[in-house]
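Student:
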Amino acid sequence: MIGAGLGWFLTAPDPLDPAFGAGLTADPEAGALVFAAGGCVSCHAAPGAEGDEKQVLAGGLPFASDFGTFYAPNISPDPNAGIGAWSLPGFARAVTRGVSPEGQHYYPAFPYAAYQHMQDQDVVNLFAYMQTLPADPTPSKAHDVGFPFNIRRSLGGWKLLFMKEDFVLSGNHSPEVMRGRYLAEGLAHCAECHTPRNALGGLDRSQWLAGAPNPSGKGRIPNITPGKLDWSESDLVAYFTTGFTPDYDSAGGEMAEVVSNLAQLPQSDREAIAAYLKAVPAIP
Amino acid sequence: MKSLKKQTLVLTLSGALIATAGYAASHAATSSNKAVAARHAQMQMIGYHTGVLGAIAKGEAEFDAATVKAAAGNLHALAKMDGSTLWLEGTAQGEVDGSRAKAEIWTDAAGFAAKFADLEKASMDMMNAGDAAAVGAGMGAIGGACKACHETYRGPKN
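Respectively, the protein sequence lines represent chains A and B. Counted the way numbering that gives the first Met the number 0 counts, the first sequence spans residues 0 to 283. Counted the way numbering that gives the first Met the number 0 counts, the second sequence spans residues 0 to 157.
1) Drop a sphere of 10 angstroms on the beta-carbon of W157(A), count the other beta-carbons inside from all chains shown, and report buried for 16 or more, exposed for fewer.
2) Measure the C-alpha to C-alpha separation of A141(A) and S153(A) and round it to an integer number of angstroms.
3) Got a sec: is the Cβ-Cβ distance from E150(B) to anything in chain A below 8 Å?
4) Per DSSP, which residues does Y70(A) bridge with? Please list them.
5) Out of curiosity, what's the CA-to-CA distance linking Q43(B) and A35(A)?
6) Excluding five sequence neighbours on each side, which residues of the same chain lie with their C-beta closer than 6 Å to the C-beta of C192(A)?
7) Are the C-beta of S233(A) and some C-beta of chain B separated by less than 8 Å?
8) Looking at the secondary structure, which residues open and close the alpha helix (DSSP H) in which K163(A) lies?
9) For the alpha helix (DSSP H) holding F126(A), just list the boundary residues, first then last.
10) Please confirm if D246(A) has its CB atom under 8 Å from at least one CB of chain B.
11) Check this for me: beta carbons of G142(B) and M125(B), under 8 Å apart or not?
12) Beta-carbon of S249(A) versus every beta-carbon of chain C: anything under 8 Å?
13) Quick one: which residues of the region 206-219 of chain A get their C-beta closer than 7 Å to a C-beta of chain B? List them in chain order.
14) Is there contact between the region 102-120 of chain A and the region 13-31 of chain A, where contact requires at least three CB pairs shorter than 8 Å?
15) Going by C-alpha distance, which of L235(A), V40(A), L87(A), S169(A) is nearest E52(A)?
16) Please report the distance separating the alpha-carbon of L32(A) from that of D13(A).
17) From this set, A48(A), S139(A), Q266(A), L208(A), which residue's C-alpha is nearest P281(A)'s C-alpha?
18) Terminal residues of the continuous alpha helix (DSSP H) containing N213(A)?
19) How big is the Cα-Cα spacing for S83(B) and E150(B)?
20) Taking Cβ positions only, does A35(A) come closer than 8 Å to chain B?
21) Report yes or no: is there a C-beta of chain B within less than 8 Å of the C-beta of L258(A)?
22) Find the nearest neighbour of V144(A) within the set L56(A), N260(A), D65(A), E232(A), judged by alpha-carbon distance.
23) Just by C-beta distance, which residues in the region 111-123 of chain B are closer than 9 Å to chain A?
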């Protein structure tokens, strides 16, 4: 009885902070960079969208997993289909705590475990920028997830187990590496694909960025720790800017999307991510 | 006697037919393989010249206007190649060993041609780059053209 009560308490979604963002001024232009670093378009644009269509975050892209198929929701500013009616505190809780305005846990296909690191000012700027994007009335598609994974409350337990608040790379580092850590572990959520997961879908932090099976079933997502990746920092920066590998092949698959996003960032941010990748523990 | 002759004739004819069909099939397979090999050579040439420019952009090689013009000019020529001898029908991934060409190359031929046209334009712009920084900026456009085409028309590595 006490255990059940405790469990119910522990799995409760984080409460809303109604004062979130008080005293901060929104800068939508800076938000565009948060938006690019966060890679929002890669998942939330309609499947097959090209060019300017990618700014329409109508959702619909399917993500197959061991737990079912998730569909990226509409996060355009449409007040009914999208997030047009959301408040800033509601948005902040959704993005950094993985809780919907209705108070339900989101599935971790949405990388809030990474976005939890997002600084308040970046959340405020991102929210302002996203309101400038075109609205789209396409309703979000329901996820195709079976029992027991369709019990949203159980995701509270997942968060307790796997949503760690500390960064993986600890210790003192240069400001550049610290910036890279914020970008790579937070906004750009590199580990979501490059780190293997356990049976419950939690990231194995002892194998941070050491590569993982591709959820599409084809090939493997590479190990990008210094234990395997021998590209120089300037190779990495060039790759993030142009998509070219040191052999002048071009990035493919999901990574091509990531490069399109990273290419929009200031050069110093790409250099910071490269410096971070050289600082993470080497895993063979 | 008559029927034996007829049988021999039928046998000979069918033998000839089978041989012809076999020859045609192996001939087609050879030209498909050759087309795929030639495409890979074209891509290797594109990669090589992009590498010459990339080394300048990264600061690994010194800026030299003549080298940039030559490398970008060759890229331009490679992008402009008439693809009708290269992208033969029946040479998609799964149809010919080593091919990663997606079926969309043939179902969306106009879109595919437009991607090569993007590389033509990007390499043309690169020809007049005046310093290493301009080469760096131009690399973004060339990389974007390569990436955009590969995203849509190149299948996964197996």
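Idealized CB from N, CA, C, for every residue including glycine.
Tutor: A quick look at the data gives this:
1) So W157(A) ends up on the buried side.
2) Using only the alpha carbons, I get a separation of about 18 Å.
3) Yes, its Cβ sits closer than 8 Å to a Cβ of chain A.
4) Per DSSP, the beta-bridge partners of Y70(A) are P61(A).
5) Roughly 32 Å between the two C-alpha positions.
6) The beta carbon of C192(A) sits closer than 6 Å to those of I220, all from its chain and outside the five residues before and after it, given in chain order.
7) Flagged as an interface residue toward chain B: S233(A), by a C-beta distance shorter than 8 Å.
8) Careful: K163(A) lies outside any alpha helix (DSSP H) and carries neither H nor E.
9) It spans 119-129 - the alpha helix (DSSP H) in which F126(A) sits, taken as one unbroken run.
10) Judged by the 8 Å Cβ criterion, D246(A) is in contact with chain B.
11) Taking 8 Å as the cut-off, the beta carbon of G142(B) is found no closer than this to the beta carbon of M125(B).
12) Among the protein chains of the structure shown, namely A and B, there is no chain C.
13) Residues passing the 7 Å Cβ filter: K217, G218.
14) Short answer: they touch.
15) That would be V40(A), whose Cα lies nearest to the Cα of E52(A).
16) Going by the C-alpha atoms only, they are around 27 Å apart.
17) Rather than Pro, the amino acid found at residue 281(A) in this sequence is Ala. If we check each option's Cα against that of A281(A), L208(A) comes out closest.
18) N213(A) -> no alpha helix (DSSP H), and no H or E assigned at all.
19) The C-alpha of E150(B) is placed about 21 Å away from the C-alpha of S83(B).
20) At least 8 Å separates the CB of A35(A) from every CB of chain B.
21) The residue asked about is misnamed: residue 258(A) is Val in this sequence, not Leu. With 8 Å as the cut-off, V258(A) counts as an interface residue toward chain B.
22) For the residues L56(A), N260(A), D65(A), E232(A), the minimum Cα distance to V144(A) belongs to D65(A).
23) If the cut-off is 9 Å between Cβ atoms, the region 111-123 of chain B has nothing near chain A.
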